[in-house]
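Protein sequence lines correspond, in order, to chains A and B.
Taking my numbering, the leading residue of the first sequence gets 12, the next gets one more, and so forth.
Taking my numbering, the leading residue of the second sequence gets 1040, the next gets one more, and so forth.
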Amino acid sequence: MNKRRFLSVAAALAAFAGLPALAQDKPKELKIGVATFLSGPASVFGVPAKAAAEMIAEDINKKGGVGGVPVTLSFIDEGAGGEALVSNYRRLVQDEKVDVTFSAISSGSCIQLAPLAEDLKMMNFMWDCGAASILEAKKYRYNFRTQANATPEMLAVLIYLLKTKPDFKTIAVVNQDYAWGRESWEIFSTALKQMKPDVRVVAELFPKFGAPDYSTEISRLMALKPDVVLTTSWGGDLDTLVRQANQRGLLQQSAFVLGIGETSLQRLGKDLPEGLIVGARGDHWFLHPEMKNDAAFKAFNEAFKAKTGAWPIYSVYHMQQAFSALQGAYDKAIKANGGKWPTREQVVDATAGLEFKGWGRPLTIRPEDNQGLEAQLVGVTKAAPGYDFKVLDNMMLFDPKPITNPPGTKSVDWLKTLTPDFAKMNVPTFRHGD
Amino acid sequence: MDSTLAILAILDGVSYAALVFLVSVGLSLVFGVLRIVNVAHGSLYAYGAYVAATLSLVVAPISPWLTFPALLVAAVIVGVVVGGLMERFLLRPVYGREDVLQLLITFAVFMIMDNLQRLIWGVQPIFAAEPVKLLPNVSVFGVNYTAYQVILLPLVAAATLIGLRYFLRYTLAGAVILAVTEDREAATAIGVDARKVFLVTFMIGAGLAALGGALASPTTSLAPGMGADMIVLSFAVAATAGLGQIEGAAVTALMIGLSRAFIIYIQPEFEVLVPYLLMVIVLLVRPMGLFGVNRVRKI
């Protein structure tokens, strides 16, 4: 055997020997563990998000999977809470050996699970929880947030209010008495004090989470007559508050701001008056002004409505973002790995600084703190032909960077540096139907 | 706080107290007669609300006024069907056994009913406000109230209290229930069918919880978890009143309703604390509850 022939046989043998090794490296499936609320009041977000996850996974698999590998889903219920949630998460990682987890909706769950994911070296996308402090307190390697945190979400709503109703003098808040209700008000009120110091807070009401009745709060607000009433409540609580307030004429007396009201619009139907300011925890709206003519976006919305009977809400779009980030991270890591299936560490490396797109404007995962930068959409309710509920009009789309606290700063500390000029930023406005 | 605000707070307090009384009185009645702490009481409240909303949505297109009888029908259906089945097949076998068994069984029923509720009605909040819309608003010092909340609910609560008192003290069926409550063995010896008494009482208790839910349904969103919230409040009322005390439940509900309303006007931070603070204070002074006494008639 001459040298050249020897080399070609050796190369062929090496290639042959290499093939099974490459096939072994590429898994048969990519297992995703998803923590979402399947029980309790927050299942208003969690159950639609689960339906979306199933739909998206099916679609990904139809198109060949992530990097050619089909995805499979395992769900755990955040409603179980506490120790049960932690045990279930451990089971997902250690027994079911999932490759990545999407957890969770509640900031309480994220605070519990993020350190655990880090210990287990499990790549985790915090796909919906909003507490800014989670990524401010510690630099994580394996935890990423694939959407904004509460700071830009509240700041966008406040700037919208200041731009559209600049002359208000008094404000009251009615938020649920738990972490989100308190934290969102802290963000909003801190920024408000900086940007419009002359406003007087006339009532801070934090009724019990799941309260069946707001009569007394409404009476007090009717007696106080604040110019603006803010609420960041959600789910059944928000529906009850808004309907009771409407029945008694409070919505006509004060300007209402529903910080994350997008999820309630379809349920509240025709009962909701026009002119209420509504936030969407991101640029999430099934009639997104820059996306509504996108064929894939329309098809997704139609398919979701056909499956669940309702148009998608923000938790559905957040779920889409988690999948888009996963796909983007794997594609980037595979490319960086010369086309081979990447290790988890390589995917984690690829996720930091990732740019990806969900069903809104493009997003970035900031490499310094793994915080997602997500645009914000805020609008005002309006009746529109063809819909038996109020849609959003005069929508402003906020770029994420200027309204998100910079890496290394604490949200509230950064908010205290804002000035009245901050609200004068240029923000494009879109009419419904434009 | 000026007198105007005080009057507003009283109106709010009374309407809230009416709802709290309607829910908690069923729990008290069941405990007074059956000696059972029914953890599933909150589920009966939730089912009353969901069935009422479902019926209301069905009858409203025929005539919106039919939604009022629908509320009552819902309470009867839940009381008789769910309450009846629960007593007959789950509670009857464990009478006289350890208390913990009854607690476990009613807790299991609560869990099952909670899951079943999500299967039947889903997780999205439901709202059926027709009865509230039919009645006019009442203006007090420029503040609008719905007549449903400040007039109808307190009237129904008062009628329930008077009706229950009359039933228990002035009718034969009521006398039989009291006899079984006082001394089951003696009552059985003179020919009273204690099993039937237990069944009927449990159905009434369940029906009252369902009535509370049905009456709340036009004003509130029906969502997963609503039963769990109400059971905690009902226990606080029943414990403060003295378990088994019907009039006590009314007084305690009024105390809680009024204190809660005033605290929202004065110091809203303490709103959540009010029912439990009242309970702790009362139980420290009177461990048997406001109206509870040792070895006397319980209802």
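Glycine included, every Cβ here is placed at the ideal spot set by N, Cα and C.
Given the structure is predicted, the values throughout are model-derived calculations rather than measurements.
Close Cβ partners of residue i (< 6 Å) along its chain, the five nearest in sequence each way excluded
| i | result |
| --- | --- |
| B/Q1141 | I1075 and V1133 |
| A/F155 | F136, T362, I376 and N381 |
| A/L33 | Its pLDDT being 42, under 50, A/L33 is placed unreliably by the model, and nothing is read from it. |
| A/G246 | P52 and V55 |
| A/P378 | A363 and G364 |
| B/G1244 | G1065, L1068 and V1069 |
| B/D1051 | A1300 |
| A/R372 | D294 and A386 |
With 16 other Cβ atoms within 10 Å as the buried cut-off, status of residue i
| i | result |
| --- | --- |
| B/Q1188 | buried |
| A/N312 | buried |
| B/N1154 | exposed |
| B/F1128 | exposed |
| A/T354 | exposed |
| B/I1285 | buried |
| B/L1104 | According to the sequence shown, residue 1104 of chain B is Trp rather than Leu. Exposed. |
| B/A1045 | exposed |
| B/I1101 | exposed |
| B/Y1205 | exposed |
| A/K343 | buried |
| A/K149 | exposed |
| A/Q35 | Since pLDDT at A/Q35 reaches only 43, below the 50 mark, its modelled position is unreliable, and no value is offered. |
| B/I1229 | exposed |
| A/F441 | buried |
Close beta carbons around residue i, own chain, < 8 Å, minus the five adjacent residues each side
| i | result |
| --- | --- |
| B/A1233 | V1219, R1223, A1226 and T1227 |
| A/K174 | M407, A434 and V438 |
| B/L1323 | none |
| A/A333 | F113, F136, W138 and T157 |
Given residue i as reference, the closest of the options once Cα atoms are compared
| i | options | result |
| --- | --- | --- |
| A/G280 | A/A321, A/F267, A/R292 and A/Q263 | A/A321 |
| A/R259 | B/L1322, B/G1266, B/K1172 and B/L1293 | B/K1172 |
| A/T112 | A/Q123, A/M134, A/C121 and A/N99 | A/M134 |
| A/K219 | B/M1265, B/G1246 and B/I1151 | B/M1265 |
| B/P1164 | A/L252, A/M206, A/E65 and A/T243 | A/L252 |
| A/Q105 | A/I43, A/F409 and A/T415 | A/I43 |
| B/M1269 | B/P1175, B/K1235 and B/Y1086 | B/Y1086 |
| B/A1114 | B/S1102, B/P1100, B/S1095 and B/W1104 | B/S1095 |
| A/Q187 | A/L173, A/G221, A/A159 and A/D178 | A/G221 |
| B/Q1306 | A/N304, A/E228 and A/F315 | A/E228 |
| B/G1081 | B/S1063, B/A1092, B/V1097 and B/G1071 | B/S1063 |
| A/V438 | A/D70, A/I324, A/P413 and A/T47 | A/P413 |
| A/N257 | A/E273, A/I271, A/V240 and A/G270 | A/V240 |
| B/L1207 | B/M1150, B/G1283, B/S1054 and B/A1292 | B/G1283 |
| A/G290 | A/Q357, A/P163, A/V82 and A/Q263 | A/P163 |
| B/M1150 | B/L1083, B/I1216, B/N1176 and B/N1183 | B/L1083 |
| A/Q146 | A/T415, A/D110 and A/M436 | Rather than Gln, the amino acid found at residue 146 of chain A in this sequence is Leu. Per the Cα distances, A/T415. |
| A/L269 | A/S422, A/L249, A/R278 and A/L261 | A/L249 |
| A/G272 | A/G390, A/S422 and A/K108 | A/G390 |
| A/L298 | A/L261, A/A395 and A/K351 | A/A395 |
| A/R278 | A/K393, A/K401, A/E215 and A/R231 | A/K401 |
| A/D238 | A/Q255, A/V210 and A/T274 | A/V210 |
| A/A142 | A/K132, A/Q123 and A/K74 | A/Q123 |
Where the alpha helix (DSSP H) containing residue i begins and where it ends
| i | result |
| --- | --- |
| A/K42 | Segment L41 to T47 is the beta strand (DSSP E) holding A/K42; no alpha helix (DSSP H) there. |
| B/Y1184 | Not the alpha helix (DSSP H): B/Y1184 falls in the beta strand (DSSP E), residues V1182 to T1185. |
| B/V1098 | H1080 to V1098 |
| A/D248 | G246 to Q258 |
| B/L1061 | S1042 to L1073 |
Beta-carbon proximity list for residue i, same chain, < 7 Å, skipping 5 on both sides
| i | result |
| --- | --- |
| B/F1309 | I1302 |
| B/A1255 | L1058 and A1088 |
| A/V447 | The question about residue 447 of chain A has no answer, for chain A in this structure spans 12 to 445. |
| B/A1262 | P1164 |
| A/A23 | Interpretation of A/A23 is limited by its pLDDT of 48, a score under 50 that renders its predicted location unreliable; no figure is taken from the coordinates. |
| B/V1321 | T1279, G1328 and L1329 |
Residue range of the unbroken beta strand (DSSP E) whose run includes residue i
| i | result |
| --- | --- |
| A/G290 | I288 to G290 |
| A/L269 | A266 to L269 |
| A/N154 | N154 to R156 |
| A/M436 | Note, A/M436: premise wrong, no beta strand (DSSP E); not H, not E. |
| A/D188 | Here A/D188 belongs to no beta strand (DSSP E), and DSSP marks it neither H nor E. |
Open item on the list: Quick check on the DSSP output: what are the complete alpha helix (DSSP H) runs of length 4 or more inside the segment 364-418 of chain A, in order along the chain?
Closed with: 411-414
- [ ] Entirely within the segment 1255-1321 of chain B and at least 4 residues each: give me those alpha helix (DSSP H) ranges in chain order.
- [x] 1265-1280 and 1285-1305
Task: Any alpha helix (DSSP H) of 4 or more consecutive residues that is wholly inside the segment 193-237 of chain A - done: 226-235
Open item on the list: To test your reading of the DSSP string, which unbroken beta strand (DSSP E) runs of 3 or more residues are found completely within the segment 1172-1254 of chain B?
Closed with: 1176-1179 and 1182-1185
TODO: Quick one: which unbroken alpha helix (DSSP H) runs of 4-plus residues sit fully inside the segment 1122-1172 of chain B? Chain order, please.
DONE: 1138-1160
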